[in-house]
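Asks:
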RNA sequence: GCCCUGAUAGUGUAGCGGAUAUCACGUAGGACUGCGGAUCCUAUUACCCGGGUUCAAGUCCCGGUCAGGGCACCA
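Numbering (my numbering), first residue to last: -6 to 553.
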């Protein structure tokens, strides 16, 4: 409906300009005025035309106003200075909007564009920690947004099963006492993390271990110890998957990088790169990208002939190029240089250059995290803490059976975490503080509460969905603002998908909840003259809040 | 040293070159609590510095300052 009123506004201006014999600019600019006294849409065409016509904007506006015809969806068109302001007829508009809102509100028709979206892809050398969480939450939310916007999306987790880090864990298994089960921790990924930490300690004391690890890598690329490597990775990954499941983060496919070495793809990639003429060789084979503005050459193979992460990544990206129309990667900004090198290499070989979404780091107040040094807060810890704090809040307010309270607490805890990350633009550096991440007084819990409140109201009124919208219903004030915001939701989805951004959805959910709460205070629903219309409105808010939260991977409980 | 990214109220944050800069927390008042108070209303305080482009700059360009990151035969 929002797009519809934009179109009506543009059409009316176009018609007016044609009537005046003025050449119509390619795009008629519209914006949303800063306050309701200035209407619902405003156009700045006169500013733009002023330069070309050598006339004052205000005069051009006056001319347009003299001939413009008001489309039926608008009540009036007025000029405020040089602006042309459109005022929506909220009686007509609101009814039409409510008729159009279904369960899947916000969804766009299929776009016939396949997106391969890689995210999380943390190394299986320990549990996910809060440094990884940003990748997972941005990636998963973006996948949901793209799907709602009509894209065909496949999410992939790229599993590093052959890097030095994994080889170190295998070394530990071969050389230290005890099997993985003997390491402390409830979850498999935590045990692997402990072992990894242990091996790092040994390595510090005895640098000679490094050669042994190199030997393991070499042998593995030649096909030895395959089961052992696989076992370690699967073991760790299964623990990580549990965590992601609890966070509501989903991947359609796990792609193991080792496959690209074993099936010869990496060798073929290296051969093809040689043929491009951009490679050079001393002890190692490298790619010289100076011509593309990158001073640092990209090393493709170690001196012992084994491959490197980036080399395998090139092979992986060529595969993704085959699978999708649009390739999106979510990466920490520390990968900027490497990603640029890989992107250029992929293009050299005729693949599609990925769009990369970079995010800045999450650090602890005392500094950065490190799996190697054992300094991190795991996502499991974070979620447990979120749950127990949320449970405390739930119990403080209401007396509920334990299992119900538990479910609600889980939704609220998860919501707090996901919202904490999703609401920020990715280029902001985050310093993690427990009380910021887990605040229930406001933030996500208040959005979930607005949803629960809507549910309760509908239940109380025995809402069926068949209620009629009364004649003469014409929203004003808070109610009008609520209608306006509802109409915007599909636009927010579309724009977020196009910009590959998640946080506008988070902001929108907050705005909608706030506006609904104000409306709830100021406007009676049950027993009012417009009970039918308002119940339909509340139901529409309910659906929209639920769908918006769902885009962020957050569950909206019906009671809390 | 070179490269990338940030800088907006006490704190955290949004902002397509356009009319009075968003939201949240905090603080201080207040409301109502008969559709659930995890509520509502009011007040409060901000675009790092210096140049430039433009009818119009928080937004674009150049130069500083501060902060984070990168510049591996790690990933």
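Where a beta carbon is used, it is the ideal one built from N, C-alpha and C, also for glycine. Computed from a predicted model, the values in this text were never measured in an experiment.
#1: Please determine, among 392, 253 and 195, the residue with the shortest C-alpha to C-alpha distance to residue 215.
#2: Can you tell me whether residue 153 is buried or exposed? The criterion is at least 16 other CB atoms within 10 Å of its CB, across all chains shown.
#3: Have a look at residue 546 and residue 373 and give me their C-alpha separation to the nearest angstrom.
#4: For residue 173, which residues in the same chain have their Cβ closer than 8 Å to its Cβ, ignoring the five residues on either side in sequence?
#5: Counting only runs that start and end within the region 262 to 342, where is the alpha helix (DSSP H) found for 4 or more residues in a row?
#6: Classify residue 122 as helix, strand or coil using the three-state DSSP reduction.
#7: Taking the straight line between their C-alpha atoms, what separation do you get for residue 536 and residue 100?
#8: In whole angstroms, give me the CA-to-CA distance for residue 483 and residue 98.
#9: Tell me the residue span of the alpha helix (DSSP H) that contains residue 527.
#10: With DSSP run on the structure shown, which of helix, strand or coil describes residue 508?
#11: Tell me where the beta strand (DSSP E) around residue 88 begins and ends.
#12: Helix, strand or coil: which one does DSSP assign to residue 46?
#13: Could you compute how far the alpha carbon of residue 381 sits from the alpha carbon of residue 134?
#14: How far does the alpha helix (DSSP H) with residue 488 in it extend, from its first residue to its last?
#15: Can you give the Cα-Cα distance for residue 456 and residue 471, rounded to whole angstroms?
#16: Tell me whether the beta-carbon of residue 501 lies closer than 8 Å to the beta-carbon of residue 485.
#17: Using only alpha-carbon positions, find the residue among 361, 250 and 511 that is nearest to residue 213.
#18: Could you say which of 177, 171 and 192 lies nearest to residue 160 if we only look at CA atoms?
#19: In angstroms, rounded to a whole number, what distance separates the CA positions of residue 144 and residue 487?
#20: Pair every Cβ in the region 379 to 398 with every Cβ in the region 421 to 437, then say whether three or more of these pairs are closer than 8 Å.
#21: Opposite residue 73 in the DSSP bridges: which residues?
#22: Who are the near neighbours of residue 371 in its chain, counting only those whose CB is closer than 6 Å to its CB and skipping five residues on each side?
#23: How would you call residue 13, buried or exposed, if buried means at least 16 neighbouring beta carbons within 10 angstroms?
#24: I'd like to know whether the C-beta atoms of residue 106 and residue 319 end up nearer to each other than 8 Å.
#25: Just reading off the beta strand (DSSP E) that residue 9 is part of, what are its end residues?
#26: Taking the DSSP output, what are the residues bridged to residue 352?
#27: DSSP state of residue 209, grouped into three classes?
#28: Would residue 117 be called buried (16 or more neighbouring beta carbons within 10 Å of its own) or exposed?
#29: Check whether the region 278 to 296 and the region 74 to 82 touch, using three or more Cβ-Cβ pairs below 8 Å as the test.
#30: With the cut-off set at 8 Å, would you say residue 80 and residue 66 are in Cβ contact?
#31: Please list the terminal residues of the continuous beta strand (DSSP E) segment that includes residue 148.
#32: Rounded to the nearest angstrom, what separates residue 315 and residue 292 at their Cα positions?
#33: Check residue 402 in the structure and name its three-state DSSP category.
#34: By Cβ distance, which residues of its chain are closer than 8 Å to residue 425, with the 5 residues on each side in sequence left out?
#35: In terms of residue numbering, what span does the alpha helix (DSSP H) encompassing residue 36 cover?
#36: Quick check on this structure: which residue in -1, 95, 5 and 37 has the alpha carbon closest to the alpha carbon of residue 459?
Replies: Reading off the structure:
#1: In the first chain, the residue the question calls residue 215 occupies position 222. Cα-wise, what sits closest to residue 215 is 253.
#2: As a working note, residue 153 is residue 160 in the first chain. Looking at its Cβ environment, which holds 16 or more other Cβ atoms inside 10 Å, residue 153 is buried.
#3: Taking the first chain and counting its residues from 1, one reaches residue 546 at position 553. Taking the first chain and counting its residues from 1, one reaches residue 373 at position 380. Roughly 17 Å between the two C-alpha positions.
#4: For the purposes of this step, residue 173 is taken as residue 180 along the first chain, with counting starting at 1. If we look at residue 173 and ignore the five residues flanking it on each side, its Cβ neighbours are 166, 181, 184, 185, 188, 225 and 228.
#5: 302 to 316 and 329 to 341
#6: By 1-based counting over the first chain, the position of residue 122 is 129. Three-state DSSP puts residue 122 in a strand.
#7: One-based indexing of the first chain puts residue 536 at position 543. One-based indexing of the first chain puts residue 100 at position 107. Residue 536 and residue 100: Cα-Cα distance of roughly 12 Å.
#8: If you number the first chain from 1, residue 483 lands on position 490. If you number the first chain from 1, residue 98 lands on position 105. Answer to the nearest angstrom: the Cα atoms are 7 Å apart.
#9: Translated into the one-based positions of the first chain, residue 527 becomes position 534. First-last of the alpha helix (DSSP H) with residue 527: 524 to 544.
#10: Taking the first chain and counting its residues from 1, one reaches residue 508 at position 515. Note: residue 508 maps to helix in three-state DSSP.
#11: Here residue 88 refers to the residue found at position 95 of the first chain. Per DSSP, residue 88 belongs to no beta strand (DSSP E); it is in the alpha helix (DSSP H), 83 to 93.
#12: Working through the first chain from its first residue, we reach residue 46 at position 53. Helix.
#13: For the purposes of this step, residue 381 is taken as the residue at position 388 of the first chain. For the purposes of this step, residue 134 is taken as the residue at position 141 of the first chain. If I take the Cα positions, the gap works out to 25 Å.
#14: Numbered from 1 along the first chain, position 495 holds the residue referred to as residue 488. Note, residue 488: alpha helix (DSSP H), 470 to 492.
#15: As a working mapping, residue 456 is identified with position 463 in the first chain. As a working mapping, residue 471 is identified with position 478 in the first chain. Their backbone Cα atoms lie some 22 Å apart in a straight line.
#16: Along the first chain, one-based indexing puts residue 501 at 508. Along the first chain, one-based indexing puts residue 485 at 492. Yes. Within cutoff.
#17: Here residue 213 refers to the residue found at position 220 of the first chain. Per the Cα distances, 250.
#18: Looking up residue 160 in the first chain gives position 167. Of the listed residues, the one whose Cα sits closest to residue 160 is 192.
#19: One-based indexing of the first chain puts residue 144 at position 151. One-based indexing of the first chain puts residue 487 at position 494. Going by the C-alpha atoms only, they are around 11 Å apart.
#20: yes
#21: What you label residue 73 is simply residue 80 of the first chain in a count that begins at 1. DSSP output for residue 73 lists 76 as bridge partner(s).
#22: For the purposes of this step, residue 371 is identified with residue 378 of the first chain, where counting begins at 1. Taken in chain order, the residues that qualify are 120 and 122.
#23: Numbered from its first residue, the first chain carries residue 13 at position 20. By the 10 Å Cβ count, residue 13 comes out exposed.
#24: In the first chain, residue 106 corresponds to position 113, counting from 1. In the first chain, residue 319 corresponds to position 326, counting from 1. Yes, the Cβ-Cβ distance between residue 106 and residue 319 is below 8 Å.
#25: As a position in the first chain, residue 9 is number 16, starting the count at 1. Premise fails: residue 9 lies in the alpha helix (DSSP H), -5 to 13, not in any beta strand (DSSP E).
#26: Start at 1 with the first residue of the first chain, and residue 352 comes out as number 359. Per DSSP, 325.
#27: Walking along the first chain from the start, residue 209 turns up at place 216. Correct three-state label for residue 209: helix.
#28: Within the first chain, the letter at position 124 stands for residue 117. So residue 117 counts as buried.
#29: no
#30: For the purposes of this step, residue 80 is identified with residue 87 of the first chain, where counting begins at 1. For the purposes of this step, residue 66 is identified with residue 73 of the first chain, where counting begins at 1. In this structure, residue 66 does not lie closer than 8 Å to residue 80 by Cβ.
#31: On the first chain, residue 148 is found 155 positions in, with the first residue counted as 1. Counting along the chain, the beta strand (DSSP E) containing residue 148 begins and ends at 145 to 152.
#32: As a working note, residue 315 is residue 322 in the first chain. As a working note, residue 292 is residue 299 in the first chain. When rounded, the distance between both Cα atoms is 25 Å.
#33: As a working note, residue 402 is residue 409 in the first chain. Reduced to three states, the DSSP call for residue 402 is helix.
#34: Locating residue 425 in the first chain gives position 432, where the first residue counts as 1. For residue 425, where only same-chain residues beyond five positions count, the Cβ hits under 8 Å are 123, 355, 356, 357, 358 and 370.
#35: The count along the first chain starts at 1 and reaches residue 36 at position 43. No alpha helix (DSSP H) contains residue 36, which is instead part of the beta strand (DSSP E) from 34 to 36.
#36: Within the first chain, residue 459 is the residue found at index 466, counting from 1. Among -1, 95, 5 and 37, the Cα nearest to that of residue 459 belongs to 95.
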